[in-house]
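Q:
Below you can see the structure in the form of structure tokens.
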């Protein structure tokens, strides 16, 4: 009698989708939009940007995802760790001329 209720509760709990949406820009201060990275599933997502990125803007998050951007391709070199940012709309990036070539997004 309680088994269907328990299964339904477990399915509802596991249906949670992690969300992270990040706009990337080739210039500082979130100028020169390039692309939107949109992650909706729990997983590790790594990749290289098609070109250098200098600033980032989190546009959607449920704080279950973390973001790290790297100066080198294939997640190498210096990095900027956004962690589990909740500050939607804030522009982030280096002001000292750094350019980021790759990213690592982890959603729990």
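Numbering (full-length UniProt numbering), first residue to last: 1 to 108.
Just so you know, even glycine gets a beta-carbon here, dropped at the ideal spot from N, CA and C.
Being a predicted model, the structure only gives us computed values, none of them experimental.
For residue 28, which of 91, 101, 108 has the nearest alpha-carbon?
A: Comparing Cα-Cα distances from residue 28 to each of 91, 101, 108, the minimum goes to 91.
Q: Excluding the 5 residues preceding and the 5 following residue 78 in the sequence, name in chain order all residues of the same chain whose CB lies nearer than 6 Å to its CB.
A: Taken in chain order, the residues that qualify are 71.
Q: Residue 12 to residue 18, Cα distance in whole Å?
A: Its pLDDT being 45, under 50, residue 12 is placed unreliably in this model, and the value from its coordinates should be taken loosely. Straight-line Cα distance between these residues: approximately 14 Å.
Q: Roughly how far, in whole angstroms, is the beta-carbon of residue 48 from the beta-carbon of residue 74, given that I think they are within contact range, below 8 Å?
A: Yes, they are in contact, since the Cβ atoms of residue 48 and residue 74 sit about 7 Å apart, within 8 Å.
Q: Cα-Cα, which of 64, 30, 35 is closest to residue 43?
A: The shortest C-alpha separation from residue 43 is found at 64.
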